[in-house]
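2 protein chains.
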Amino acid sequence: MPSRIAESAAARDGVMTSAEVMSWVVERRHARRQRVRRLPLTAMSDWSFDVDTGNLGHVSGRFFTVEGLRVRTDFGPVREWSQPIIHQAEIGVLGIAMREIDGLLHCLMQTKIEPGNIDGVQLAPTVQATRSNYLRVHGGAAVPYLECFIGVDPGHVVADVLQSEQGSWFYRKRNRNMVVEVGDDVEATEDFRWLTLGQVYELLRVDNLVSMDARTVLSCLTRDTAAAAGRPGDAVPADFERSLASSGDADENGLHTETEVLSWVTEMHARYELGSTLVPLNEITRWQRSSHAIAHELGVFFNVVALDVESEGREVRAWQQPIIEPVGIGVCALLVRSFGGVLHALVQARVEPGCLDVIELAPTVQCTPTSYARLPPGSAPPLLDLVLAGRPEKIRFDAELSEEGGRFLHARSRYLIIEVDEEIGAAAPPGFHWLTVRQLGDLLTHSHYVNVQARTLIACLVSL
Amino acid sequence: MPSRIAESAAARDGVMTSAEVMSWVVERRHARRQRVRRLPLTAMSDWSFDVDTGNLGHVSGRFFTVEGLRVRTDFGPVREWSQPIIHQAEIGVLGIAMREIDGLLHCLMQTKIEPGNIDGVQLAPTVQATRSNYLRVHGGAAVPYLECFIGVDPGHVVADVLQSEQGSWFYRKRNRNMVVEVGDDVEATEDFRWLTLGQVYELLRVDNLVSMDARTVLSCLTRDTAAAAGRPGDAVPADFERSLASSGDADENGLHTETEVLSWVTEMHARYELGSTLVPLNEITRWQRSSHAIAHELGVFFNVVALDVESEGREVRAWQQPIIEPVGIGVCALLVRSFGGVLHALVQARVEPGCLDVIELAPTVQCTPTSYARLPPGSAPPLLDLVLAGRPEKIRFDAELSEEGGRFLHARSRYLIIEVDEEIGAAAPPGFHWLTVRQLGDLLTHSHYVNVQARTLIACLVSL
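Chains F and G supply the protein sequences, listed in that same order.
Just so you know, this note's numbering puts 441 at position 406 of the first sequence, and the rest follows in order with no gaps.
Just so you know, this note's numbering puts 275 at position 240 of the second sequence, and the rest follows in order with no gaps.
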């Protein structure tokens, strides 16, 4: 399987040429339209604020609620705060079906429109189903291809792991990230196409096109790609190839062994404390509710707003929903450096209030720069300057990508991979650590290690 | 390192002979005495029930509290209940120091007395320190050898992972399990001795001697032991040896590949739901507080009682504390079977109310048989009969071992490893799965996979 995945990753042409893929995407962006209007928060027909708690929920009791979260931590400059947070306890499925066509593995990707998307449709996984979705709480149509994932023969599973989502906006949310190999009987219907992994990787460089859900599932293939590295004839740079192959054992020239990496993660878990408690939304402080938004008094972080949506998609055509609208454009940057001929990525142990288990590994820098103008001095992360000053010739990846459009409105971040040299030594700053791509891939076969922003950047790194 | 660990595991004599070790333990059991008396719950000098919540806590606000837990789950016959639970959010260290003496690795073990122990001292890890312990909240002496673990050079770490403790009695408790190699300058002081791993394994068969804390740390060496398996001249049975070596890749004859095992664990996480919320102790139902105990109305599960302790140990000599006293003796059994010449262990995905992440892998059977007389029919686990009927010649391990005596009073379970044949096929019953020892060892390098009872049994299995 690893070598077949690597072959697909190297293929820029499959059943469609690269050019055909691009024109399909452009065509879908024109064909699928939606109209999105803002509403007063109290004007959503099936959503209301609970009289006692102030929590915002759906009349069915399903989907998700917007509740309050009270946070206490010893990580970062701000130690205590409260905020609104999305509570969605159920575990959904994000799945990509792969099928061998003409000897080459292809991914079944769909174009999907979500109310929070920036340019209409994005490229999404084969299946993206909340439990409500596939129990059809919303009364819509069945989720196509779901049967490829639920109850699948274990021998056809390529990757299957629970991964967390945005810990600043979601309370302990995770989804089941799956890649499954399917047989010849599975055909691409309208909105769906078979793409090689290489074609999907290529589209990662297009702003706001490959969806967050697709990126996180792709990242779970990192180890398979890594396991195939080092094949003769590969055109990838040698340091990157060695990084894919190096699990860090002493003879492989990684900076740290696997045991050292796991020990560092354990140390970070033991060092920081996080106490986060769901509280009634009407008990949070420094957030104000107006007719159209719940917003922080400084105008930073994000707003909770209400949308009225009319969509031409396959499911329910018109609905209303609350959504999180971040203030400002984020920066998520991964610094990489070659040590001993092996590429390493600098990750940060980061406490996020919605983390299930205190910390996860995040990109080197993950923040919203414009916030710092209105926050106390010293709030900006230490390596942000280095990232923003990145010389163009050192930038290996640079695209604006957006977060899940079903929950987040125009939530955009600039995702960067930047090469550094002597600026940062092998002894990383406290709270940071250098890992090889293979080591990241190994961690990605387990839950709770790597946060969703870092997973996007790992998918981007592997795409290079 | 793996081969050095395997060598130590095979050695029944080290700096002390096996016989010397036994007489040292016997001598310590006579030398270290404690007097333990029960008290009325309200008679503990530094502990009291909070006026508002009824929670039982220490005057310093440290150590732990006894709170209420409200549980809702779709796992098992009882779907909704409340209970008392120990809340101890801080992460402690359980560490074993290893040192090479005369070319052989030795473990620095101590004899340690705890109020809940059955026969006085037990064999404990080098260090067993809560955060309160090493911050010296109790005003006692420094924890010896702690400096071997805190801030240790990462290159000397053999194992370092957060592992959970009893999910029925602890709310999301975990400790940092560490094994560290130390240098010649570390000497065994009073109460401490250098034992080979083989000597510690031998003592596992003695009832109530090797402490739970020692057993959980030992289990984290499973992968190292496994990695060394298959050396020529090993006297271990072939099926067991292959089980140690088999990570399940197709060419190694395990029943399931690593990907299949991880996918099954993911499936179990997605299948079950667990909602557990800390509530004031005075809000739980069906539990009654009398002068000397908080007990379930049916007299099952456990009691919360108060102890007055006078001990001759190194630390504070007299204190009072609440402790959990289980009702009845538990049974923890692991069924093992050889498939294709490779030994597999049958583990169960089990929801426990104090789990951080819904399920962990538990022994095939983990229960307290005497409870079922007073619980609804059908409450007993399905494979319990098979375990209790185990023919003597099929029993590979059988000892009564006890849980941590600092929190649990005479908490004993019969730990069994039993070989089965056709009784259970390769297609395990729903909720169960066959894993090789190597696969369990791999999972044990990560948190949240294997519960503490299963870790004890894995240590016992490796000791065979």
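Glycine is no exception: its CB is placed at the ideal position from the N, C-alpha and C atoms.
Residue 317 (chain F) and residue 89 (chain F) have their C-alpha atoms some 5 Å from each other. Taking C-alpha positions only, residue 144 (chain F) is separated from residue 157 (chain F) by approximately 10 Å. Under the Cβ distance rule, residue 85 (chain G) does not count among the residues neighbouring chain F, no pair being separated by less than 8 Å.
Flagged as an interface residue toward chain F: residue 211 (chain G), by a C-beta distance shorter than 8 Å. Residue state for residue 364 (chain F) is assigned as coil, using DSSP reduced to three classes. Put simply, the segment 177-197 of chain F touches the segment 125-139 of chain F. At least three CB pairs are less than 8 Å apart. Residues of chain G with a Cβ closer than 8 Å to the Cβ of residue 106 (chain F) do not exist; the shortest Cβ-Cβ separation is about 15 Å. Residue 146 (chain G) is not a Cβ neighbour of residue 70 (chain G), given a cutoff of 8 Å.
Looking at the DSSP output, residue 323 (chain F) bridges to F:330.
Using a Cβ-Cβ cut-off of 9 Å, residue 469 (chain G) is close to nothing in chain F; its nearest Cβ partner there is about 12 Å away. Shown here for residue 209 (chain F): same chain residues with a beta carbon closer than 8 Å to its own, the five before and five after excluded, namely 126, 197, 198, 199, 200, 391, 482 in chain order. Annotation for residue 250 (chain F): no beta strand (DSSP E) segment contains it, though the alpha helix (DSSP H) segment containing it runs 247-254. In this structure, the CA atom of residue 415 (chain G) is about 24 Å from the CA atom of residue 470 (chain G). For residue 433 (chain G), the three-state secondary structure derived from DSSP is strand. Taking 7 Å as the Cβ-Cβ cut-off, the segment 120-143 of chain G approaches chain F at 126, given in chain order. Any Cβ of chain F closer than 8 Å to the Cβ of residue 226 (chain G) would place that residue at the interface, and such an atom is absent. Within 8 Å of the CB of residue 295 (chain F), the CB atoms of chain G belong to 189, 190, 192, in sequence order along the chain.
Neighbourhood of residue 311 (chain G) in chain F, by CB distance below 9 Å: empty, with the nearest CB roughly 12 Å away.
For a cut-off of 8 Å, the C-beta gap from residue 474 (chain F) to residue 398 (chain F) is around 15 Å, too long to register as a contact. Taking 8 Å as the threshold, the shortest C-beta distance from residue 251 (chain F) to chain G does not fall below it. For residue 236 (chain G), no beta strand (DSSP E) segment is defined; the enclosing uninterrupted segment is the alpha helix (DSSP H) at 232-238. In chain order, 90, 91, 92, 122 place their CB closer than 7 Å to the CB of residue 100 (chain G), counting only its own chain and leaving out the 5 sequence neighbours on each side. Looking only at G:387, G:54, G:428, G:338, the smallest Cα-Cα distance to residue 73 (chain G) is reached by G:338. Comparing C-alpha distances from residue 235 (chain G) to each of G:51, G:346, G:330, G:293 shows the shortest one belongs to G:51.
Around the CB of residue 47 (chain F), fewer than 16 other CB atoms lie within 10 Å, so the residue is classed as exposed. DSSP places residue 108 (chain G) in the strand class (E or B) of the three-state scheme. Residue range 127-136 is occupied by the beta strand (DSSP E) that includes residue 134 (chain G). For residue 82 (chain G), no Cβ of chain F is located within less than 8 Å of the residue's own Cβ. Going by beta carbons, residue 308 (chain G) and residue 433 (chain G) fall outside the 8 Å limit. Going by beta carbons, residue 95 (chain G) and residue 355 (chain G) fall outside the 8 Å limit.
Chain-ordered listing is empty here: chain F has no CB closer than 8 Å to the CB of residue 248 (chain G), the nearest sitting near 16 Å.
When DSSP states are grouped into helix, strand and coil, residue 357 (chain G) belongs to the strand group. Residue 392 (chain F) reaches chain G at 391, 392, 482, 483, counting residues in chain order whose Cβ is nearer than 8 Å. Residues are counted here when their Cβ sits less than 8 Å from a Cβ of chain G; for the segment 299-328 of chain F these are 299, 301, 302, 304, 305, 308, 310, given in chain order. For residue 197 (chain G), the residues of chain F that pass the 8 Å Cβ criterion are 301, 304, 305, in the order they occur in the chain. The beta carbons of residue 256 (chain F) and residue 369 (chain F) sit no closer together than 8 Å.
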